Structures are given as C-alpha cells and as structure tokens.
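All remarks here apply to the structure that follows.
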Amino acid sequence: MAVFQDGNEMFVAIGGNMPLLGRGLDRNLDKIFPGDLFFTPAGQNFEDSMEAGNLHAIHFSGSSDSGADSGLGVYKNVAAKGVGMQNFGHRTLDNYEALVDSSEENFYGSLGANNSYFDGSGTGYNVIAGGDRVANDGFQMLTATELTAEGFDQNSLGGTEFFGFKFNLDAIVPPEPPKDIETLKGIAEGYGFDWDGQGWDGELDNFEGTIGSLQTEIDNIQGEVDGYQDEIDAHQAQIDIYNSRKVAAKQEVERIQKDEINPLNKSNNNAVKEVPGGEANSQIKKELGKRNKIVNNLNEVEETISENPQKIIDAEGKQNQIQTKLGNVPTQEEALELAKPKASATIQDAYVAVAELESQKKA
0 MAVFQDGNEM FVAIGGNMPL LGRGLDRNLD KIFPGDLFFT PAGQNFEDSM EAGNLHAIHF
60 SGSSDSGADS GLGVYKNVAA KGVGMQNFGH RTLDNYEALV DSSEENFYGS LGANNSYFDG
120 SGTGYNVIAG GDRVANDGFQ MLTATELTAE GFDQNSLGGT EFFGFKFNLD AIVPPEPPKD
180 IETLKGIAEG YGFDWDGQGW DGELDNFEGT IGSLQTEIDN IQGEVDGYQD EIDAHQAQID
240 IYNSRKVAAK QEVERIQKDE INPLNKSNNN AVKEVPGGEA NSQIKKELGK RNKIVNNLNE
300 VEETISENPQ KIIDAEGKQN QIQTKLGNVP TQEEALELAK PKASATIQDA YVAVAELESQ
360 KKA
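Residue numbers (numbering that gives the first Met the number 0): 0 to 362.
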C-alpha cells in the first residue's frame with residue numbers, strides 16, 4: 000500500500016492479489032473482501048484512539064462484514080471489530096507471522112516488527128463496527144490508470160490487483176484553529192524573526208478598526224431586520240385575526256341560510272298556498288317580521304366584517320349572494336298576488352269583492 004498527500008487531498012494505492020470485489024474460491028456466495036482502512040492520531044495506539052473517539056476509517060469495498068452503513072467514504076467516531084476468524088483468517092498477528100514469510104524488506108511498512116503499535120496476541124481489527132459518515136469527505140474511487148496518472152508505480156507494489164481512492168485530509172485531521180497575534184509573535188521571536196520591523200502591528204490595528212466598524216454596521220442592519228421581523232409578526236397576528244373572523248362570518252352566513260332563511264322561504268310558500276284570504280295578510284306580516292330579524296342578523300355579520308380593515312372579498316360576495324336570495328322572498332303584495340291563482344274559487348271571489356270595495360272607497 001502507498002499513500003501520499005497533495006494539498007488537502009490524500010491518495011491511497013493498494014496492490015495485492017485480493018480483488019476489490021472480493022474472492023470466493025469455493026464459497027462464491029460469501030466472498031472475502033478487503034477490510035476497511037483505519038487512521039489513528041499521532042501518539043495514540045489503536046485501542047486508545049478508538050476509546051477516545053479519535054479513530055477514523057475508510058470504507059472502500061463492498062464487504063458485507065463492515066458496519067459502515069452509509070456507503071463508501073470516510074467515517075469518524077469509529078468502533079472497530081475483527082472478522083478474520085469468520086473468513087478463514089488468522090486468530091492473531093503472531094499466528095499470521097508464524098505461517099508467512101516475514102523476512103522481506105519493509106514487511107511492516109514504516110514500522111518495525113517489534114513496534115509497540117502491534118499487539119501480536121490480539122485478535123486485531125479489520126472492519127468498521129460502527130461510526131458516522133463524514134460530510135464533504137471528498138472520497139472517490141480511482142482506477143489503475145488514474146493512480147498511474149497521479150504518479151503511482153504499480154510495479155513497486157506488486158500483486159495482480161491495483162486500485163485505490165482519494166479523500167480530503169481534513170476529513171480525518173480537522174484544521175487547527177487560528178492562533179492569536181501574540182502567540183504568532185512569540186513563535187516568530189522564538190525563531191529570531193524581526194516581527195516589529197515588518198510594520199504588521201499597525202496594519203493589524205487598522206484591520207481591527209475596520210472589523211469593528213463592519214461589526215457595528217452589521218449589528219445595526221441586524222437591528223433593522225429584527226424590527227422588520229417584529230412588524231411581520233404583528234401583521235401576521237392581524238391576518239390570523241382576520242382569517243378567524245372570516246371563518247366565523249362564513250359559518251354564521253351558512254347557519255342563517257340553513258337554519259333561518261331556508262325554513263322561512265318554505266314557510267312563506269306554504270302560507271301563500273294554504274292560508275285563506277284575510278288570514279294570509281297576518282301570516283305574511285308575521286313571516287316578514289322573521290325576515291326582518293334575519294336582516295338584522297345579516298347586519299351583525301356586516302359589522303363583523305367591517306371591523307377588519309382589509310376588504311373581505313369572499314365574505315362580501317357571500318353576503319351579496321345571501322341578500323340576493325333574501326330579495327327573492329316575496330313581499331306582502333307579491334305573496335298575495337301569488338296566492339290568488341292558487342286559492343279556491345270562493346277565496347278568489349272574495350279577493351274580487353275586496354278589490355271592488357277598495358275602488359268604491361277610493362271613489
């Protein structure tokens with residue numbers, strides 16, 4: 000395996016005889032895949048890094064043994080596990096060393112075989128047990144051609160398989176917070192650098208003043224924004240009141256139409272059809288009294304609507320519809336005229352007689 004850094008990008012090339020898509024031999028239904036690649040901070044071994052929550056790992060293969068459940072890429076807060084025994088692997092590192100030729104130069108990479116990083120008696124870890132996928136990790140799988148273009152020499156790694164990937168360095172090493180000026184001056188003086196001779200303090204003072212002015216301007220703008228937000232909230236409260244009144248007015252209109260106007264229209268029609276001669280007048284007057292009560296109720300609805308400064312177009316349209324329907328309720332004279340053709344012959348004769356008496360009276 001080879002690793003190199005280019006700015007914030009980390010490139011990893013892997014050479015060997017294990018294909019990226021795994022190998023099954025006599026068990027193709029349950030292939031063995033490459034494990035996950037782990038990174039520990041400097042100064043911490045694997046166990047300490049994992050217990051401190053500083054362990055990172057790269058999930059780059061399709062291994063079903065891995066607990067990386069958010070796809071290929073960089074994971075943080077990693078807990079690791081070993082699945083070697085489930086895949087015909089070695090129980091411990093010492094067991095592996097006893098069975099393979101470890102005399103090759105650079106067998107352990109940059110570390111010696113006796114380095115304390117290696118625990119020969121441990122079961123070891125080779126896949127992610129759990130962790131959180133790092134956002135914006137820059138992870139991308141790379142082909143052999145792409146790795147060669149980046150400068151990797153496939154022949155130096157050996158093996159029949161050659162693949163790799165890249166990711167962002169800050170996905171596993173968060174950038175350090177900027178140091179304050181006094182700390183930087185101390186570092187510079189420690190290296191014998193003439194800080195004062197650079198004239199930077201004056202520039203920094205001007206910069207601080209500019210930042211202060213900009214911050215004041217930002218605060219003022221934020222104050223205006225907060226004021227506008229208060230106005231918006233107040234308008235929204237008025238709109239909520241308007242909507243509540245509009246709903247109440249609509250419900251009242253529907254109730255009046257259903258419970259009062261419709262029954263009165265039906266009652267008036269029945270009165271015109273059934274009440275004889277002189278009794279029709281008193282009955283119609285009684286119904287007209289009820290009609291006036293409805294008008295009063297409509298007036299109350301109008302007052303409710305007028306309390307809101309905005310025009311309630313829908314409510315006014317409904318009001319006009321109700322007034323139109325109300326206008327269709329017959330007046331006293333119209334009701335009498337409608338009643339005449341439907342009355343019995345005796346009642347019709349009575350109406351004729353009354354009309355003649357009225358004309359004689361006027362004469």
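Every residue, glycine too, gets a C-beta built ideally from N, C-alpha and C. What you are looking at is a predicted structure, and each value in this text was computed from that prediction instead of being measured.
Using alpha carbons as the reference points, say which of the options lies closest to residue i.
| i | options | result |
| --- | --- | --- |
| A78 | G61, S65, G70 and F32 | S65 |
| L168 | W194, Q139 and A187 | Q139 |
| I180 | Y190, I171 and W194 | W194 |
| N76 | A143, I127 and G226 | I127 |
| M0 | F151, A41 and E145 | F151 |
| F87 | R254, T144, Q214 and D29 | D29 |
| Y124 | P18, G158, M49 and A187 | M49 |
| N114 | I210, F45, L54 and T144 | F45 |
| A67 | G129, L54 and A41 | G129 |
| E253 | K265, N219 and I293 | I293 |
Work out the CA separation of residue j and residue i for me, nearest whole Å.
| i | j | result |
| --- | --- | --- |
| G198 | T39 | 42 Å |
| D131 | A148 | 32 Å |
| G285 | A247 | At residue 285 the sequence reads Lys, which differs from the Gly that was named. Approximately 29 Å, taken between the alpha carbons. |
| Q237 | F59 | 57 Å |
| M9 | V224 | 44 Å |
| H234 | E299 | 25 Å |
| V82 | F3 | 28 Å |
| I260 | I231 | 41 Å |
| F166 | G137 | 5 Å |
| E251 | K257 | 10 Å |
| G6 | E175 | 15 Å |
| A134 | E202 | 37 Å |
| K289 | L263 | 8 Å |
| D100 | G191 | 52 Å |
| Y227 | Q221 | 10 Å |
| L213 | N205 | 12 Å |
| R90 | G189 | 51 Å |
| I255 | D229 | 39 Å |
| P173 | I240 | 51 Å |
| N242 | K249 | 10 Å |
| E207 | D200 | 10 Å |
| K245 | T209 | 53 Å |
| G196 | E216 | 33 Å |
| P18 | N154 | 16 Å |
| D47 | Q85 | 25 Å |
| G211 | K184 | 22 Å |
| K80 | Q43 | 18 Å |
| N295 | S266 | 19 Å |
| L54 | A41 | 11 Å |
| G158 | T182 | 50 Å |
| L141 | L156 | 16 Å |
| D218 | E145 | 50 Å |
| G52 | A143 | 34 Å |
Which whole-angstrom value is the C-beta distance of residue i and residue j, which I expect to be below 8 Å?
| i | j | result |
| --- | --- | --- |
| S62 | G34 | 7 Å |
| L36 | A56 | 6 Å |
| F32 | G21 | 4 Å |
| I363 | V73 | Shown here, the chain extends from 0 to 362; a query on residue 363 therefore has no answer. |
**Request:** Scan the stretch 157-193 and note each continuous beta strand (DSSP E) run of 3 residues or more that stays entirely inside, going in chain order.
**Result:** Entirely contained in the stretch 157-193, the beta strand (DSSP E) runs reaching 3 residues are, in chain order, 160-167.
**Message:** Whether or not the stretch 158-172 and the stretch 8-17 are in contact is what I'm after, with contact meaning three or more pairs of Cβ atoms, one per stretch, closer than 8 Å; do they touch?
**Reply:** Taking 8 Å as the limit for Cβ pairs, the verdict is that the stretch 158-172 does touch the stretch 8-17.
**Asked** Between the stretch 89-97 and the stretch 114-124, are three or more C-beta pairs nearer than 8 Å?
**Response** yes
**Request:** Quick one: which unbroken alpha helix (DSSP H) runs of 4-plus residues sit fully inside the stretch 14-91? Chain order, please.
**Result:** 45-50
**Request:** Output the residue ranges of the alpha helix (DSSP H) runs that lie fully inside the stretch 188-266 and measure 4 residues or longer, sorted by chain position.
**Result:** Annotation note: the stretch 188-266 contains the following uninterrupted alpha helix (DSSP H) runs of length 4 or greater, listed N- to C-terminal: 199-255.
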